[in-house]
Every structure is written in C-alpha cells, then in structure tokens.
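Residue numbers (this note's numbering): 28 to 160.
Where is the CB? At the ideal position from N, CA and C, for every residue including glycine.
Computed from a predicted model, the values in this text were never measured in an experiment.
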C-alpha cells in the first residue's frame with residue numbers, strides 16, 4: 028500500500044526511486060521483461076489496462092487513480108461496461124474472476140452488430156463470399 032501511494036496516475040513501479048524499485052521488485056528487478064503490469068495505478072485520462080482475474084496480487088495489481096486501494100468489484104464491472112444493475116454471484120474472488128474473464132459488454136455488442144450486418148448482407152446476396160483469416 029505504501030508503494031502504491033508513491034505511484035502517480037498512469038504510472039507503475041518504474042516511477043519509484045531506484046532503491047525502492049529494487050526493494051519492491053527484489054530479484055525480478057534484474058530479469059528481462061517489462062513487468063509493466065506490476066504496481067500499476069490507472070489513469071482517468073487513458074484507456075484502462077487489461078483487467079485480470081486477481082486485481083490485488085503483486086503481478087497484476089491495479090490501483091484506483093485517486094485512492095490507494097484496488098478497484099471494487101463494481102468499479103471493475105464498470106470498466107468492463109457492465110450495467111450497474113448487473114449482479115455477479117459467488118465469492119468476491121469469483122466475481123473478480125468473472126469480470127476479468129469477460130469481454131467488455133459494449134465491445135461484445137458492437138461485434139454482435141457487425142456479425143449480424145455481415146450475415147444479413149451475405150444471405151441477401153450482397154456479399155459474394157466471406158474472406159477467411
């Protein structure tokens with residue numbers, strides 16, 4: 028918690044003074060790889076990072092932009108564009124996992140609309156073939 032209070036919105040552990048970086052990261056400080064998801068404070072002005080199934084673990088820590096704490100389940104759900112009246116079941120861990128594994132609601136809706144439009148055009152004979160990836 029003390030470490031997260033030192034990180035500005037949009038920043039992560041590399042924003043810390045060098046000695047604190049080494050202390051926080053321990054042996055992994057010297058390993059290759061960016062480790063940019065660790066000790067990450069989200070910014071109001073940038074897209075959110077991928078939400079993981081465990082927001083408070085060191086490797087996947089996501090901190091609220093203004094407060095030094097993990098996101099609540101409801102805040103996590105809002106980032107994924109779930110409506111506020113959507114209810115998740117199970118333990119808190121299970122709820123974070125459901126949200127972390129979800130496709131954002133608004134993205135899924137747009138993908139669905141695009142598929143319907145393409146299929147309607149295909150079956151109406153307006154599209155000769157569908158290209159395969």
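Counting only residues of its own chain and dropping the five nearest sequence neighbours on each side, residue 32 has a CB closer than 7 Å to the CB of 95. At the C-beta level, residue 106 and residue 75 come within 8 Å of one another. Contact check for residue 70 against residue 36 passes: the beta carbons are separated by less than 8 Å. Under the three-state reduction of DSSP, residue 89 is assigned to strand. The alpha-carbon separation between residue 98 and residue 90 amounts to approximately 6 Å. Measuring C-alpha to C-alpha distances from residue 63 to each of 41, 139, 84 and 51 identifies 41 as the nearest. Straight-line measurement puts the Cα of residue 111 at about 14 Å from the Cα of residue 133. Here residue 68 is bridged, per DSSP, to 90.
Residue 43 and residue 51 do touch by the CB rule: their CB atoms are close to 7 Å apart, below 8 Å. In this structure, the straight-line span from the alpha carbon of residue 136 to that of residue 108 is close to 11 Å.
Linking residue 103 to residue 78 through their CA atoms gives a straight-line distance of about 8 Å. Inter-residue distance for residue 66 and residue 118 is about 24 Å (C-alpha atoms, whole angstroms).
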